[in-house]
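First residue of the sequence shown? That's 45 in our numbering, and the numbers climb one at a time after it.
Reviewing the structure listed below.
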Amino acid sequence: MIRLLVLYGHPTDPEAFDRHYREVHIPIAKKMKGLRKWTIGKVTTTPDGSPSPFYYVADLYMESKEEFEALLASPEGQAAVADVPNYATGGVQFLYTEVIDVI
């Protein structure tokens, strides 16, 4: 299994980010077919209490990187990618990770 980890930096307007992500981006991205799992979360704190460099994270799961590449090249994937600059004013990082279940 492959995860696409999306790390969002702190936006210039957190309320606008939250609203756009919830009301615009999620409906656009839900049209992508083939995702095995998709989780999202707002960063609340770090274990040592220091400021986090990230505001929000998203985890998307598929069986392979090739499936992700095909999904992101699809019209639905392109629409989701094109929407990111509309709300991610604090920057964004995309990372592919191999998922290994430990427990």
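We put the CB at the ideal spot given by N, CA and C, even for glycine.
Given the structure is predicted, the values throughout are model-derived calculations rather than measurements.
Beta-bridge annotation (DSSP): M106 is paired with I46.
Note that the C-beta distance between H69 and D127 is below 8 Å. By the neighbour-count criterion, in which 16 or more other beta carbons inside 10 Å mark a residue as buried, A102 falls on the buried side. Contact between the stretch 129–142 and the stretch 56–68 is present, with at least three C-beta pairs closer than 8 Å.
D145 and I46 have their C-alpha atoms roughly 12 Å apart. Burial is judged here by how many other beta carbons sit within 10 angstroms of a residue's own beta carbon; G121 has at least 16 and is buried. The stretch 106–122 makes contact with the stretch 78–98: 3 or more CB pairs, one atom from each, lie closer than 8 Å. By the neighbour-count definition (other C-beta atoms within 10 Å, threshold 16), Y140 is an exposed residue.
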